[in-house]
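Data block below; observations after.
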Amino acid sequence: MYGDPDELDRLAGQLRAGAAEVRRHAGDQVRRAQAAHWVSSAAERYRDQLAADRRAADRVADQLERAARQLVTHAQRVRESIARMARYERAATASVGRSARSSVRTVEHAVDSATRTANRLIADA
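Anchor point for the sequence shown: position 58 equals 119 in this note's numbering, and the numbering is continuous, going up by one each time.
As structure tokens, this is what we get:
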């Protein structure tokens, strides 16, 4: 229902790796363009377009990293929920166990009392 927190962390890692790959690839493209010493209006437009593409790539990488952080946060909440449910389960199990033991003692006491009464009746008869 909540997702496997370890799997969520793994997916977050993939998103972070994807963001790093996007940034690296965009940076490589910008560096290649800067290394080329083209001089023309077309070269300038190309560099401008590449810079715009780099900004867009950075925005995408930011979104991937934000999604990764949200997954990690959710994974932590899932872990906390699982731990809380485990505590509730242990408390409920302990409570039912105490109630069962108390019921057993009550039944044992009633059986003992009935046995004593029956023995007295037999002895008096």
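Every residue, glycine too, gets a C-beta built ideally from N, C-alpha and C.
**Request:** Can you say whether residue 136 is buried or exposed, counting buried as having 16 or more other CB atoms within 10 angstroms of its CB?
**Result:** By one-based count along the sequence shown, residue 136 stands at place 75. With 16 or more Cβ atoms within 10 Å of its Cβ, residue 136 is classed as buried.
**Request:** Please report the residue range of the alpha helix (DSSP H) in which residue 102 lies.
**Result:** Residue mapping note: residue 102 aligns to position 41 of the sequence shown, counting from 1. Segment 102-185, the alpha helix (DSSP H) holding residue 102.
**Asked** What number of angstroms, rounded off, separates the C-alpha of residue 126 from the C-alpha of residue 91?
**Response** For the purposes of this step, residue 126 is taken as the residue at position 65 of the sequence shown. For the purposes of this step, residue 91 is taken as the residue at position 30 of the sequence shown. For residue 126 and residue 91, the distance between alpha carbons rounds to 21 Å.
**Asked** In three-state terms, what does DSSP make of residue 64?
**Response** Translated into the one-based positions of the sequence shown, residue 64 becomes position 3. Three-state result, residue 64: coil.
**Item:** Of the residues 109, 106, 73, 114, the one placed nearest residue 86, counting alpha carbons only
**Value:** In the sequence shown, counting from the first residue as 1, residue 86 sits at position 25. Of the candidates 109, 106, 73, 114, the residue whose Cα lies closest to the Cα of residue 86 is 114.
**Reduced DSSP secondary structure (H/G/I, E/B, other) of residue 97** = Locating residue 97 in the sequence shown gives position 36, where the first residue counts as 1. In the displayed model, residue 97 falls within coil according to three-state DSSP, outside both helix and strand.
**Asked** If you draw a straight line from the C-alpha of residue 161 to the C-alpha of residue 167, how long is it?
**Response** On the sequence shown, residue 161 is found 100 positions in, with the first residue counted as 1. On the sequence shown, residue 167 is found 106 positions in, with the first residue counted as 1. Near 10 Å, if we compare the C-alpha coordinates of residue 167 and residue 161.
**Message:** As a quick exercise: from 183, 171, 88, 156, pick the residue whose alpha carbon is nearest that of residue 119.
**Reply:** Mapped onto the sequence shown, residue 119 falls at position 58. The shortest C-alpha to C-alpha distance from residue 119 to any of 183, 171, 88, 156 is the one to 88.
**Message:** Quick check: the Cα distance between residue 165 and residue 155, rounded to an integer number of angstroms?
**Reply:** By one-based count along the sequence shown, residue 165 stands at place 104. By one-based count along the sequence shown, residue 155 stands at place 94. So the alpha carbons of these two residues sit roughly 15 Å apart.
**Beta-carbon gap between residue 157 and residue 122 smaller than 8 Å** = The residue you call residue 157 lines up with position 96 of the sequence shown. The residue you call residue 122 lines up with position 61 of the sequence shown. Here residue 157 is not near residue 122, since their CB atoms are 8 Å or more apart.
**Prompt:** Going by Cα to Cα distance, which pick from 98, 132, 102, 101 is closest to residue 76?
**Reply:** Here residue 76 corresponds to residue number 15 of the sequence shown, with the count starting at 1. Of the candidates 98, 132, 102, 101, the one whose C-alpha sits nearest the C-alpha of residue 76 is 132.
**Prompt:** From residue 173 to residue 184, what does the alpha carbon distance come to, in whole angstroms?
**Reply:** On the sequence shown, position 112 is the one that residue 173 refers to. On the sequence shown, position 123 is the one that residue 184 refers to. Going by the C-alpha atoms only, they are around 16 Å apart.
**Message:** Whole angstroms are fine: how far does the CA of residue 151 sit from the CA of residue 81?
**Reply:** Here residue 81 is taken as the residue at index 20 of the sequence shown, counted from 1. Here residue 151 is taken as the residue at index 90 of the sequence shown, counted from 1. Cα to Cα, the separation comes out at about 43 Å.
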